[in-house]
Amino acid sequence: MSQATLQIRRISGHAGPVPGAGVERAQTVCKLVDTTTCIGCKACEVACLEWNGYTFSETVFDNSYQTMPETAWNYWNLIKFNEHEREDGTLMLLMRKDQCMHCAEPGCLAACPADGAIVQYANGIVDFQQDHCIGCGYCVTGCPFNIPKFNPSTKKMFKCTLCADRVAQGLEPACIKACPTGCLHFGTKDDMTDLAETRAQQLREHYGFEKAGVYDPTGVGGTGVIYVLHDAANPEAYGGLPKNPHIPWVVRLWKGPAKWIGNLAMLGGIIGVALHYLRFGPKRVESAKDQKGGQP
Amino acid sequence: MTNGYIDIKNTDVMLIMGGNPAENHPCGFKWAIEAKRTRNAKMIVVDPRFTRTAATSDLFLQIRAGADIAFLGGVIHYAIENNRIANEYLTNFTNAGFIVKEGFKLPEDGLYSGFDRAAQTYDKSTWNYEEGDGIGAATVAAVASAKPMLPPKVAYDLTLQHPRSVFQLLKKQYSRYTPEMVERITGIPKDQFLKAADLFTSVRKDGDMKKVATIMYAVGWTQHTFGTQIIRTAAMLQLLLGNVGRAGGGVNALRGHSNIQGATDMGGVFDIWPGYLKVPNPADVDLKAYLDRTTPKVSKPAAWDSFNYWSNTPKFAVSFLKALYGDAARKENDWAFHYMPKVDRNYSWTEIWDNMYRGSVKGMFAFGMNGVAIGPDSQKNIAALKRADWLVVGEIYPDETSEFWKSPGISPAEMKEIKTTVYRLACAGFAEKDGSMTNSSRWLQWKNIALPPPGQARLDQDIVAQIFLKVRELYKAEGGKFPDPILNLTWPYTDPQHPALAELAKEFNGKAIANLTDPKTQQTIKDGQQLPGFSWLKDDGTTSCGNWIYCGCWTEAGPQLARRGTEDPSGLGIYQNWAWSWPANRRVLYNRASCDSSGKPWDVERKQVWWNEAAQLWVGNDIPDFKADSNPKEHMGPFIMNPEGVGRIFGPLAAFADGPFPEHYEPIESPVQNPLHPSQSNNPVVKKFSTPADKYGTTGEGFNIICTTYRLTEHYHYWTKNNPMSVQLIPEPFVEIPIELAAELGIKGGDKVKVTSARSYYIAKAFVTKRIKPMTIDGKKVYQIGVPIHQGYRGIQEDAGRDARTIANRLTPTVVDPNAFTPEFKGFLVKLEKA
Amino acid sequence: MDGSRRDFLKAGALGGAATSFFGFDLAPAYAQLRELKIARATETRSTCPYCSVSCGVIIYTIGDNAKNVTPQVVHVEGDPDHPINRGTLCPKGASLEQDIVNPRRLLKPQVRRPGSDHWEDIAWDQAIDEIGHWVKKTRDETFIERDALRRTVNRCEGIAWIGGCTDTNEFNYLVGKAMRSLGVCYLETQARV
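The listed protein sequences correspond, in order, to chains X, L and Y. Numbered by the working numbering, the letters in the first sequence go through residues 1 to 296 in order. Numbered by the working numbering, the letters in the second sequence go through residues 297 to 1131 in order. Numbered by the working numbering, the letters in the third sequence go through residues 1132 to 1324 in order.
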């Protein structure tokens, strides 16, 4: 009946090639987020929570419409609000849905030491398999977008699944379906790229946003979630979207040359320490000019 | 809405003002975004705050709350000065060329002709058309009449040059609304205003008639002491630009709730019966007197034609009385007209509370209506309920109204003194009931039952039926005051204690109660059959119909309001086979005006209806909102519900209580005197309330800050404070405060603040924001703050003691619009301090 | 859901991949996904009760309407056929499940007696009976048959009805019938405010 499976393209912490990778044909799926038509209504947040059945979490008003500072293990997508002043003094209320980017080259998967805890399906969705997760948190280090979150009660990592369960059954992700303005759109990566570029062009030609463009960063091989931004040169204004995200060198090393000499305990240890440092070291700098709400 | 949600996608320019659709109608707002995506449409947002709607706009202007008429009047002035008007449309489809009676005076000093200062009302006899023919023809001497009526033959000048033509008066009226004056009143800098005026009127640049602009609004316009007149200014502007009746155009009331459109259609307010029939008053001594008063007579230029659809009022009224009283309504007893209460004054919302406060209203039913939280002046409403004998609340959650007797501040000793008996009846939620609701596109949509009500909760209709039948039983057994209407009310439901909503829908659709034959087509309808449409209604007692405008929603062919056809062949978003739209399944009202005088669409890309010469009929993608066989040569006006047949730029006689043209007046509580006429600052016909609870603040008493109330997208009124998800999204009450004001008062984001009006106070956290800026009004620095309304003293957070348990409407004043009787929730004065 | 979101996931979730991890099997690796929670649920088409857009919603309930089942709502989602919302919902509509299934719902009739500081339970029949008597008493006491000019007015000025924003057309019609037959003039709804 409704049991479904998805073919796997990449597996974390796995020795040897992924069995049967590339045997079956599969289109890469993609979520388009057009921030220029986002109304910050949070329907995507609610649809996600409803579909995944998460319970009430206590929140506190923090001088913003934004519900919480960042995503949580049981709160996978969050609209980031920013009252942004343009150079000409006009005000913009930037609203961006923050969630897992489903990178083509996922840093989390590269960093993960547990066999099969993180997989990338043939359709591009990056998914955590909690049964195999050891809760080490290395995926956090590998992720340039601050997405994987730790559930202290189960000691496992969680994040957006791009509703892999729905997609496997032929349904669109819950957030996509709910979005009232169509700021969210779902389809193949090729189609979404095309749609995003067309929209960016329209923004440049008809709406005076000369720097409008598409955010699909190459540092992570491109992403399964792409953004249309009014100002592609300043992604940081959209609630801290990194300008040039990449997988940290230490993770690349771990998965690159180090993979084959990783048995050397000392080096492994050093990398482990480095990963640990990166995991718990300071990561975020708030821009002084922009606030998610107004004056803190 | 004259149009509908999907139709917004057909527009070229949108003006969104007095509404915040991105937050309050998100799923309808998608069609505004669609217009931007697919047509490069432009969006202008004018609001006291930079809202989430403003975030997607192309031009945002921050306006002072309550200055809307000044802005719109300024746009009218700009359109006329720059010839951005639809000449052919204006001349043929509006009363712009009609000549107004001598003696009519514009309100340069704030008053129209005929003001009676003692009574605070107008004698409107000069607010009328001149009787006569075309310009140059002899004017017919008007017969002196006790009750002023519209002249059957109206004098007119199609060159629009006559100094007393509506157009010239309009031009003169708004000549005072210069960009400079607009800036003084609204606080919008002149250059920004001009940008907006240019963009909105750009659809009529160089005489082009193809493009269309739309206006969307909600209660940000309605909730003022001049709310009706704001909406009228918008309608006049749209007529001036020829945007009414057209795909992508119109004047679109977004409305705030799922079925207040239906409630209004169904006569759920004191002043109308179902289908917008006027309620009778004591002077209507019999049905004839009532029908004479309420059935309009044609008033038009002699050479033109007017359908005057309201001339059918007798058919609608008699069929309604037949629906209510069946066999007890007979010709011999004047169709039981005497059973109906005769309304002699204003019985509207605020009057209920005022009269309960004064002791004359002793019992109240509140079903799904949280009157304490809704206000205005919640504390006055609580004080009123304390004096009532009984209150019956039907609800699905514990609410403020049912627990007024233990509201914050009431001591145990005081509680003992509150003698009101309160019944709180557990009702059914939406998913547990079927029935239809009418959205603001005027679609009646049937919904299905998903599950039974929980616990012992009962269906609302069963509760009302059971109470009514109990009352009837008591009158039958004991007698009492005038029991006839109670005993004779039709109650033909299969299970009288549990009336099926489908039976009720069939009843208000109407049926034949004799065999009927259409003399033209020879089509017949048998006794007892459902009527296919209101053209079948009769005034001889052979039809019964609970609401004429809903006639056609449930026919012999079945429930039209439950249809689910998803085809849209024209691509205009008409969806003719989805649900059922009143009237007669028309989707865009006045759609005859989408064509020129000869019956050809103004824009061939957006063809709605048109005249088919071969068939000698109006045909099209929508159902023509017109007399189907009226050849354009007959010059019948497209506004068939007006006796003139044309759109009213000038609202004659009693159409409006406060003037045939809108004039800017200040809110009852305002930080400035009206720059147009300081000696007449407020709307002259607005009366303040006078109980000890009714207090109005002034700047002299330190109430210097303009406050406005509104909803957030995360919550719905006072309902979702019971829903954990909504509470999680916005957990606490807050007040939006400009950064500059916060700095002056030493307030930081998240600080607890106290907002105080002349009525009471409100406590919430400060939301310090760049999205409301200080304004300069008539040279004076003015701050505005914003208070979302969603919290109270019963809710998830309230019960957990996580907020101060105050209601936003403790702040708002009891004072209403003189036409619609809607309270002034928007734009009153407060003080702000750290709590 | 405090535990793993993969409550439905069986051991060996990586399915076919399990045997191939350490071999050179070319059989593709598959992950088994969570079962679709609405797969066999009953769908009921309804209308969102909140704003005036009146979005179509689908209410998913457990149970196939068999006699021995009280339907249990498990999910609410937008109706993709609905021409206006086309499956989309706002944050309020998207959380309707928690409006229908909510521990704060009122489940029985209650009364607060004069001077009392608490609610008491009351049987439905008694509540209806008492309310009926109140209505008759107040109507008889405040009914005006003729005004000062001796004109027939047949008004009851002592009773008010205030109706809600989500009441159906049918309910509004029924209320209008009942209240106007009593002579009630203070008949108002959310439409005014």
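Glycine included, each C-beta is placed from N, C-alpha and C at the ideal position.
Opening and closing residue of the alpha helix (DSSP H) in which residue i lies
i        : result
G558(L)  : 556 to 561
T193(X)  : 189 to 206
A493(L)  : 486 to 497
V119(X)  : Looking at the DSSP string, V119(X) is not in any alpha helix (DSSP H); the run it does join, the beta strand (DSSP E), is 118 to 121.
K1308(Y) : 1300 to 1313
Distance between beta carbons of residue j and residue i, contact taken as under 8 Å
i        : j        : result
A104(X)  : G222(X)  : 5 Å
P795(L)  : Y789(L)  : 4 Å
F158(X)  : F128(X)  : 6 Å
V1111(L) : P1119(L) : 7 Å
I870(L)  : T838(L)  : With a Cβ gap of about 34 Å, I870(L) and T838(L) do not count as contacting.
A753(L)  : C723(L)  : 6 Å
Whole-angstrom distance between residue j and residue i, CA atom to CA atom
i        : j        : result
S1312(Y) : D836(L)  : 22 Å
F400(L)  : T697(L)  : 47 Å
E1301(Y) : F496(L)  : 41 Å
T435(L)  : E930(L)  : Low confidence applies to T435(L): its pLDDT is 48, below 50, so where it sits in the model is not reliable enough to give any reading.
G775(L)  : K1267(Y) : 10 Å
L311(L)  : M512(L)  : 6 Å
K1239(Y) : D1256(Y) : 12 Å
C342(L)  : R413(L)  : Looking at the sequence itself, residue 342(L) is Val, so the reference to Cys does not match. Those two C-alpha atoms are separated by around 35 Å.
D925(L)  : E384(L)  : 22 Å
T797(L)  : Y572(L)  : The sequence shown places Leu at residue 797(L), not Thr. C-alpha separation (whole angstroms): 22 Å.
G1187(Y) : G324(L)  : 12 Å
S840(L)  : V1051(L) : 54 Å
G262(X)  : P245(X)  : With a pLDDT of only 49 at G262(X), under the threshold of 50, the placement of this residue in the model should not be trusted; the figure read from the coordinates follows. So the two alpha carbons sit approximately 25 Å from each other.
K777(L)  : G916(L)  : 55 Å
R335(L)  : K305(L)  : 8 Å
G1289(Y) : V668(L)  : 19 Å
E1166(Y) : A4(X)    : 7 Å
D892(L)  : E1032(L) : 48 Å
C160(X)  : G655(L)  : 59 Å
G1209(Y) : R860(L)  : 15 Å
A1160(Y) : V23(X)   : 10 Å
A1116(L) : E965(L)  : 19 Å
Limits of the unbroken beta strand (DSSP E) element including residue i
i        : result
G690(L)  : 686 to 691
K213(X)  : Rather than Lys, the amino acid found at residue 213(X) in this sequence is Gly. Counting along the chain, the beta strand (DSSP E) containing G213(X) begins and ends at 213 to 215.
N1285(Y) : 1283 to 1294
K1048(L) : 1048 to 1052
F1124(L) : 1122 to 1130
Q1163(Y) : 1161 to 1164
L5(X)    : Note that residue 5(X) is Thr in the sequence shown, not Leu. That run of the beta strand (DSSP E) goes 4 to 11.
Residue i beta carbon near the ligand GTP (any heavy atom closer than 8 Å)
i       : result
G239(X) : Although the ligand GTP was asked about, the structure shown includes no ligands whatsoever.
Does the structure place the region 129 to 148 of chain X close enough to the region 197 to 204 of chain X that three or more beta carbon pairs sit under 8 Å? By the Cβ test, the region 197 to 204 of chain X is not in contact with the region 129 to 148 of chain X, since fewer than three Cβ pairs between them sit closer than 8 Å.
Report yes or no: do the region 590 to 605 of chain L and the region 443 to 452 of chain L share at least 3 C-beta pairs separated by less than 8 Å? Judged by Cβ distances under 8 Å, the region 590 to 605 of chain L makes contact with the region 443 to 452 of chain L, as three or more pairs qualify.
When the Cβ atoms of the region 1259 to 1279 of chain Y are set against those of the region 1313 to 1323 of chain Y, are three or more pairs found closer than 8 Å? Counting Cβ pairs under 8 Å, three or more are found: they touch.
Within the region 1061 to 1095 of chain L, ranges of the alpha helix (DSSP H) (whole runs, at least 4 residues): Along the region 1061 to 1095 of chain L, the alpha helix (DSSP H) occurs as fully enclosed runs of 4 or more residues at 1092 to 1095, listed in sequence order.
So, do the region 727 to 743 of chain L and the region 1177 to 1189 of chain Y have three or more beta carbon pairs nearer to each other than 8 Å? In this structure the region 727 to 743 of chain L touches the region 1177 to 1189 of chain Y; the number of beta carbon pairs closer than 8 Å is three or more.
Taking the runs of the alpha helix (DSSP H) that are 4 residues or longer, which of them lie wholly in the region 722 to 775 of chain L? Residue ranges of uninterrupted alpha helix (DSSP H) with 4 or more members, entirely inside the region 722 to 775 of chain L and ordered along the chain, are 756 to 774.
Those runs of the beta strand (DSSP E) which lie wholly inside the region 72 to 106 of chain X and span at least 3 residues: Runs found: 78 to 85, 91 to 98.
Should the region 160 to 175 of chain X be regarded as contacting the region 313 to 323 of chain L, the criterion being three or more beta carbon pairs within less than 8 Å? In short, these stretches do not touch, since the Cβ pair count stays below three.
Three CB pairs or more closer than 8 Å across the region 664 to 680 of chain L and the region 1060 to 1073 of chain L: Fewer than three beta-carbon pairs drawn from the region 664 to 680 of chain L and the region 1060 to 1073 of chain L are found closer than 8 Å, and the two stretches are therefore not classed as touching.
In chain order, what are the residue ranges of uninterrupted alpha helix (DSSP H) at least 4 long that sit wholly in the region 801 to 867 of chain L? The alpha helix (DSSP H) runs of length 4 or more contained entirely in the region 801 to 867 of chain L do not exist; there are none.
Should the region 575 to 582 of chain L be called in touch with the region 414 to 428 of chain L, which here means at least 3 C-beta pairs below 8 Å? By the Cβ test, the region 575 to 582 of chain L is not in contact with the region 414 to 428 of chain L, since fewer than three Cβ pairs between them sit closer than 8 Å.
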